[in-house]
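Peer 1: There's a structure below that I have some questions on.
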Amino acid sequence: MPGPFTIAIDGPAAAGKGTISRAVAAHFGFAHLDTGLLYRAVGARMLLGQDPAEAALGLTAEDMETGDLRSPEVAQAASRVAVMPEVRDALVDFQRSFARRAGGAVLDGRDIGTVICPRAEAKLFVTASAEVRARRRYEELVASGADVSPEQVLADVRERDARDRDRATAPLKPAADAIEIDTSDMSVEAAVAAAIEAISKRRLG
Ligand code: C5P
Numbered sequence: 011m012p013g014p015f016t017i018a019i020d021g022p023a024a025a026g027k028g029t030i031s032r033a034v035a036a037h038f039g040f041a042h043l044d045t046g047l048l049y050r051a052v053g054a055r056m057l058l059g060q061d062p063a064e065a066a067l068g069l070t071a072e073d074m075e076t077g078d079l080r081s082p083e084v085a086q087a088a089s090r091v092a093v094m095p096e097v098r099d100a101l102v103d104f105q106r107s108f109a110r111r112a113g114g115a116v117l118d119g120r121d122i123g124t125v126i127c128p129r130a131e132a133k134l135f136v137t138a139s140a141e142v143r144a145r146r147r148y149e150e151l152v153a154s155g156a157d158v159s160p161e162q163v164l165a166d167v168r169e170r171d172a173r174d175r176d177r178a179t180a181p182l183k184p185a186a187d188a189i190e191i192d193t194s195d196m197s198v199e200a201a202v203a204a205a206i207e208a209i210s211k212r213r214l215g
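According to our numbering, the sequence shown holds residues 11 to 215 in order.
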């Protein structure tokens with residue numbers, strides 16, 4: 011099996027990180043970690059009354075499969091626990107060891123290229139306008155049966171963006187050496203192809 015190769019994919023909510031990360035991982039045969047799920051699992055536990063730092067320290071694989079981690083309430087709770095340095099610290103080792111596993115890894119999140127894996131072999135920053143991201147998220151939520159309005163989803167996306175960008179610890183921002191992909195006017199296929207092309211260049215050096 012080839013040695014470690016880390017692909018860091020960061021960006022704001024609903025920019026297309028998840029879709030791109032899964033496709034990139036499948037293309038290169040790498041493992042994939044959606045780090046947002048870690049914060050969502052901690053957020054879900056906070057909503058159940060647990061202390062977020064304790065929840066982060068005791069997080070299990072089962073927590074990542076329990077409850078509706080994709081709901082807007084859990085997304086907001088995730089971004090609230092994500093400002094807490096003790097929560098972030100508790101999740102660092104797990105993410106770093108996943109990143110360096112043999113055979114290669116794709117991690118997507120907000121601070122992978124800047125804080126978790128500053129020496130990742132390839133870094134992408136995936137963005138799109140807030141309106142486009144809110145529309146995509148709205149369509150996903152409606153398809154999953156949620157009762158939401160487009161205005162509410164846009165307000166939610168903006169609130170989460172502001173909290174993620176303005177926090178003191180590990181704020182959302184592109185790493186200096188990240189390749190930016192703006193997916194606002196791109197099809198899924200085009201965005202995935204652009205990501206694979208950019209990473210292939212780094213892989214070949
Ligand atoms: O990516 P996703 O929308 O699932 O992330 C939920 C929340 O978790 C984000 O709004 C952000 O506050 C937090 N998060 C983070 N760092 C990461 C991944 C997610 O702060 N690496």
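Yeah, the Cβ is synthetic: ideal placement off N, Cα and C, and Gly gets one too. Quick caveat, the model's predicted, so the values are computed rather than measured.
1) Work out the CA separation of residue 43 and residue 19 for me, nearest whole Å.
2) Between residue 146 and residue 23, what straight-line distance do the alpha-carbon atoms span, to the nearest angstrom?
3) Looking at residue 92 and ligand 1, is the gap between the Cβ and the nearest heavy atom below 7 Å?
4) So, for residue 206: in the same chain, excluding its five sequence neighbours on each side, which residues have a beta-carbon less than 7 Å away from its beta-carbon?
5) Would DSSP call residue 116 helix, strand or coil?
6) Indicate the three-state DSSP secondary structure (helix, strand or coil) for residue 16 in the structure shown.
7) Report buried or exposed for residue 70, applying the criterion of at least 16 other Cβ atoms within 10 angstroms of its Cβ.
8) Going along the chain, which unbroken runs of the alpha helix (DSSP H) with 4 or more residues stay wholly within the region 92-144?
9) Could you tell me if residue 153 is buried or exposed, where buried requires 16 or more neighbouring beta carbons within 10 angstroms of its beta carbon?
10) Give every residue of the same chain whose Cβ lies closer than 6 Å to the Cβ of residue 122, excluding the five residues on either side of it in the sequence, and list them in chain order.
11) So, using beta-carbon positions, are residue 104 and residue 115 closer together than 8 Å?
12) Within the present structure, is the beta-carbon of residue 55 separated from the nearest heavy atom of ligand 1 by less than 7 Å?
13) What are the residues that DSSP puts in a beta bridge with residue 44?
14) Less than 7 Å separating the Cβ of residue 61 from some heavy atom of ligand 1?
15) Spell out the partners DSSP gives residue 190 in its beta bridges.
16) What would DSSP say about residue 22, mapped onto helix, strand or coil?
17) Do residue 79 and residue 106 come within 8 Å of each other at the CB atom, strictly closer than that value?
18) Of all the options 183, 170 and 158, which has the alpha carbon lying nearest to the alpha carbon of residue 136?
19) Residue 157: beta carbon under 7 Å from a heavy atom of ligand 1?
20) Please determine if the region 93-104 and the region 175-195 are in contact, where contact requires at least 3 C-beta pairs separated by less than 8 Å.
21) Express the C-alpha separation of residue 99 and residue 110 in angstroms, rounding to a whole number.
Peer 2: To lay it out plainly:
1) Using only the alpha carbons, I get a separation of about 10 Å.
2) The C-alpha of residue 146 lies about 10 Å from the C-alpha of residue 23.
3) Under cutoff, so the answer is yes.
4) In its chain, beyond the 5 residues on either side, 34 and 37 have a beta carbon closer than 7 Å to the beta carbon of residue 206.
5) Strand, per DSSP.
6) It is a strand residue.
7) Under the 10 Å beta carbon count, residue 70 is surrounded by fewer than 16 other beta carbons and is classified as exposed.
8) Counting only unbroken stretches of 4 or more residues, the alpha helix (DSSP H) elements lying wholly within the region 92-144 are 95-109, in sequence order.
9) Per the 10 Å Cβ criterion, exposed.
10) Sequence-distant partners of residue 122 (beyond 5 residues in either direction) whose C-beta falls short of 6 Å from its own C-beta, in its chain, are 18 and 20.
11) No. Outside cutoff.
12) Distances from the CB of residue 55 to the heavy atoms of ligand 1 are all 7 Å or more.
13) BP columns for residue 44 point to 118.
14) Every heavy atom of ligand 1 is 7 Å or more from the Cβ of residue 61, so no.
15) For residue 190, which the question treats as bridged, DSSP gives the partners 135.
16) DSSP, read as helix, strand or coil, puts residue 22 in coil.
17) Contact: no.
18) If you compare the alpha carbons of 183, 170 and 158 with that of residue 136, the shortest gap goes to 183.
19) No, Cβ of residue 157 sits at least 7 Å from all heavy atoms of ligand 1.
20) At 8 Å Cβ cutoff, the stretches touch.
21) Answer to the nearest angstrom: the Cα atoms are 18 Å apart.
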